[in-house]
Amino acid sequence: MSNVLLSLSHLNKRYGNYIASNDISVDIPQGKIFGLLGPNGAGKTTLIRMITRITLPDSGTILFNGQPMTEKDTARIGYMPEERGLYKKMKVLEQLLYLGRLKGLSRHDAMQKIKYWLQKFEIESWALKTIDELSKGMSQKVQFIATILHEPELLILDEPFSGLDPINSRLIEEEIHALSKSGKSIIFSTHRMEQVEEICDTIMLVNKGQKILEGDVQELKQRFKQHKFLVRYSGQLPDSFAANFNVVSRDEHEAIVFYEGADHNAILRFLVQQNVSVNEFKEILPGIGDIFIQSIQSQSAAI
Amino acid sequence: MKKILLIIEREYLSRVKRKSFILTTLAAPLGLGVLIAIAVFINTFKTGTKTVAVLDESGIFKSGTFENEDNTSIRFTYPEEGFEALNKELGAENDKPKFDALLKIPADFDIQDPNKNKIRFYSMEPPGLSLKSGINRTVRDAIRHKKLEINKFSEEQIVQLDSKVNIEYTNLSKDAKEGLTELSSIIGNLMGIIIYITLMVYGMMTMKGVMEEKNNRIIEVLVSSVKPFQLLMGKIIGIGLVGLTQFVLWGILIVITQIAVVGLIGMPAPDAMPMTPMSRPGMDAGEMSAVLSTLSEINYLPIAAAFLFFFMGGFFLYGSLFAAVGAASSSDDGDIQSLTFPITIPIVVSFIILIKAIEDPTGQLAFWGSICPLSSPIIMPALIPFSPPLWQVGLSAVLLIGGFLCTTYLAAKVYRTGILMYGKKVTLKELARWIMRG
Chain A
0 MSNVLLSLSH LNKRYGNYIA SNDISVDIPQ GKIFGLLGPN GAGKTTLIRM ITRITLPDSG
60 TILFNGQPMT EKDTARIGYM PEERGLYKKM KVLEQLLYLG RLKGLSRHDA MQKIKYWLQK
120 FEIESWALKT IDELSKGMSQ KVQFIATILH EPELLILDEP FSGLDPINSR LIEEEIHALS
180 KSGKSIIFST HRMEQVEEIC DTIMLVNKGQ KILEGDVQEL KQRFKQHKFL VRYSGQLPDS
240 FAANFNVVSR DEHEAIVFYE GADHNAILRF LVQQNVSVNE FKEILPGIGD IFIQSIQSQS
300 AAI
Chain B
0 MKKILLIIER EYLSRVKRKS FILTTLAAPL GLGVLIAIAV FINTFKTGTK TVAVLDESGI
60 FKSGTFENED NTSIRFTYPE EGFEALNKEL GAENDKPKFD ALLKIPADFD IQDPNKNKIR
120 FYSMEPPGLS LKSGINRTVR DAIRHKKLEI NKFSEEQIVQ LDSKVNIEYT NLSKDAKEGL
180 TELSSIIGNL MGIIIYITLM VYGMMTMKGV MEEKNNRIIE VLVSSVKPFQ LLMGKIIGIG
240 LVGLTQFVLW GILIVITQIA VVGLIGMPAP DAMPMTPMSR PGMDAGEMSA VLSTLSEINY
300 LPIAAAFLFF FMGGFFLYGS LFAAVGAASS SDDGDIQSLT FPITIPIVVS FIILIKAIED
360 PTGQLAFWGS ICPLSSPIIM PALIPFSPPL WQVGLSAVLL IGGFLCTTYL AAKVYRTGIL
420 MYGKKVTLKE LARWIMRG
């Protein structure tokens, strides 16, 4: 188990009658990409705001590197909100300098880092342009630089890919992985499941202010597997196959089999013995999206 | 603290560097000059000269008796024709009539009882107010003149009777200066008006700044680095400094023009102080130079100091309220208006009090207006030229500081909640709840 950077325990937050965070506890590991998932209005933003100390929890504690979090720690966090915000009339360079210095960088350090990132993202020529003059994708890049400029230990990205074209998405994604490899922790908040599987190491699912699930992405997939196997083959499937195995569905050259036994090679062995030419054999693992929907449904059912 | 300084720096520089700031700084004194020129122009504007034909059927008045003494807007002629002919000519559709109106003194006119058989005035268009009063005055003067003649007054005696009176007003308090009242009201008025306008302009600027941050969501990035209170203070101080800079630049500009004018013409520059529009027509050279000499007697330093202090105090007080409104409002315009209304009312009311306070600078209204923190930023600087007691200025200053501490405290609470609240229409009732709860 890797080190824990941020430890939330029993966080509660109410807005009037609305419970935005209901006793949420979770550990966010160091150097990993942590996915914060949930439908709109699930309480993701509230959780993020409590971590960034924009709002304080009604009760519960947040430990940062094992210590209760203080105002100072916010300088070690980089937060990119879902709704991007930059001063429209300010030049890119001035803007980055200002935001960097607000996070505690000296003017000199900030300038060097800005130069580095502008070069890396090949946008030096925009340094003296105002945000007004940039396209949406361009200002997203500037926003990303503003978030990571002060080399935060914890990076919180709220829907970082929304509004980005595939090329820039890839660029940002690579950067996220690189940062994670260099030991930074990343909280990646999204409601888009397909991105989660590609990017995240661990995830937490929230809904209606409550934690539904938490864990390693691969582990979760195992936990929620439905013991289904896909077989693709050429030719004909013998009738005896259906007699020996529980075939859930069947198409031409394709069948899905339910098999709970420990040794799923039995399916393969049987087919080989029957001289069926197998093209593909794999276990069907649920997507995070399926897990998500299933969990939320069971939560509502429980209520 | 370092962060507040950074915020102040950004708020300040981003505004001072703007073209609009440079333009208004340069153009405002120019605009003031233009305004004064327009006022002078309108003041001296002559409505087209009206020609009035006099038909004296009574034969009492000599030809040429009627003359308009203090303005030349009415010219009198004495045609030979009778009433019928003149009346016909007046009614004729003529491009260039010989006269615009006809003044008929009836044959049975009795100078001892001028209202028995009335003098009549005929015209095609209804006479304007100034024409009416001009005719009234001229006729009255002519009758008076005639009566004096009948009573055997000589021409010299009559001229003597009309001599103009100038009264010297002397204030007996120890640091009073002659001719000061008039100038003091002018300067006082000017101070009050400038603070009134700048409070509004800079207040709105603060509100817009907050709304910009809220609407483009940079606020979330900012409040994850600094406390909302720091942000609020940084913004208000930064914008206040912009205002201060503007005033100092204006001051420098005025001094430069003064020096330039003195250098060019070799006399104290009256146009450096905007007093020209107030100089009524009829203010003669003596009065003028008296005012000019008192101009140099006025001690500008306390006035300037009070002006800057009360501007800053007033701006902190109202600026924080405007910021709170900006934070509470969504981008909806109607929303903004209903929320700014309660703030602009005291400013406008203060402005109304200002006019009365200057008429009676030691009165009750002036006193309370200069003490109450909501109106003191506008009233107090306007009273400074009248040398109010020092304790009054001190009390006013202390209360103003207390006042703005109070409003910033309240505003900070609204601000903190408001800036992160989206898509919700906020009512005054809700604002009150935020204040109570925080």
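Line by line, the protein sequences give chains A and B. All letters in the first sequence, in the order written, are residues 0 to 302 by numbering that gives the first Met the number 0. All letters in the second sequence, in the order written, are residues 0 to 437 by numbering that gives the first Met the number 0. Here a beta-carbon is modelled for each residue, glycine too, at the ideal position from N, C-alpha and C. Source: prediction; values computed, not measured.
Under the Cβ distance rule, R48(A) counts among the residues neighbouring chain B, one pair being separated by less than 9 Å. Distance check between D200(A) and each of I27(A), Y17(A), K31(A), F143(A) places K31(A) closest, using alpha-carbon atoms only. Within 8 Å of the CB of I192(B), no CB atom of chain A is found; the nearest one sits about 30 Å away. Within chain A, the residues G84, L85, Y86 have their CB atoms less than 7 Å from the CB of I217(B), given in chain order. For the 9 Å CB-CB criterion, L101(B) and S122(B) form a contact.
If you look at Y97(A), you'll find it in the alpha helix (DSSP H) that goes 91 to 101. Under the DSSP assignment, A254(A) falls in the beta strand (DSSP E) whose first and last residues are 253 to 257. The stretch 209 to 223 of chain A and the stretch 11 to 28 of chain B do not touch, with fewer than 3 CB-CB distances between them shorter than 8 Å. Assigned with DSSP and collapsed to three states, A145(A) falls in helix. Counting the other CB atoms within 10 Å of its CB gives L153(A) a total of 16 or more, which places it among the buried residues.
Secondary structure at Y86(A): coil, using DSSP grouped into helix, strand and coil. Straight-line spacing of the CA atoms in I144(A) and L95(A) works out to 8 Å.
Burial check for L389(B): the Cβ neighbour count within 10 Å stays below 16, so the residue is exposed.
When beta bridges are read from the DSSP output, L270(A) appears opposite no residue.
Measuring C-alpha to C-alpha distances from A74(A) to each of I175(A), M203(A), P151(A), L62(A) identifies P151(A) as the nearest. Shown here, D334(B) sits in a helix according to DSSP, grouped into three states. By the Cβ criterion, the stretch 310 to 322 of chain B is in contact with the stretch 220 to 239 of chain B, since at least three pairs of Cβ atoms, one from each stretch, lie closer than 8 Å. Residue contact check for I6(B) against chain A: a CB pair falls below 9 Å. I142(B) and I342(B) have their alpha carbons spaced roughly 58 Å apart. Taking 8 Å as the upper bound on Cβ-Cβ separation, chain A lies near residues V220, L221, V222, S223, S224, V225, K226 of the stretch 220 to 241 of chain B. If only uninterrupted alpha helix (DSSP H) runs of at least 4 residues are considered, those enclosed by the stretch 16 to 50 of chain B are 18 to 43. The beta carbon of I302(B) sits closer than 8 Å to those of I186, M190, P380, I383, P384, all from its chain and outside the five residues before and after it, given in chain order. Within its own chain, the residues whose Cβ lies closer than 6 Å to the Cβ of A106(B), once the five positions on either side in sequence are excluded, are E56, S57, listed in chain order. Under the three-state reduction of DSSP, Y77(B) is assigned to coil, being neither helix nor strand. Note on geometry: alpha-carbon atoms of E132(A) and I147(A) lie some 23 Å from one another. In chain order, R48, I53, T54 make up the part of chain A whose C-beta sits under 9 Å from the C-beta of L419(B). A straight line joining the alpha-carbon of Q293(A) with that of M435(B) spans about 43 Å. Taking 9 Å as the CB threshold, M137(A) stays off the interface with chain B.
In this structure the stretch 395 to 407 of chain B does not lie against the stretch 419 to 433 of chain B, because fewer than three pairs of beta carbons, one per stretch, are closer than 8 Å.
With contacts defined as CB atoms closer than 9 Å, T205(B) and I235(B) qualify as a contacting pair.
Counted as a single uninterrupted DSSP element, the beta strand (DSSP E) harbouring P28(A) occupies residues 17 to 28. Taking a Cβ-Cβ cut-off of 7 Å, the neighbours of P80(A) in chain B comprise R216, E219, V220, given in sequence order. For M89(A), the nearest CB of chain B lies under 9 Å from its own CB, placing it at the interface with that chain. Per DSSP, Y421(B) lies in no beta strand (DSSP E) and is assigned neither H nor E. Using a Cβ-Cβ cut-off of 9 Å, S13(B) counts as an interface residue toward chain A, since at least one Cβ of chain A sits closer than that to its own. Listed along chain B, the residues sitting closer than 8 Å to Y97(A) by beta-carbon distance are L5, R9.
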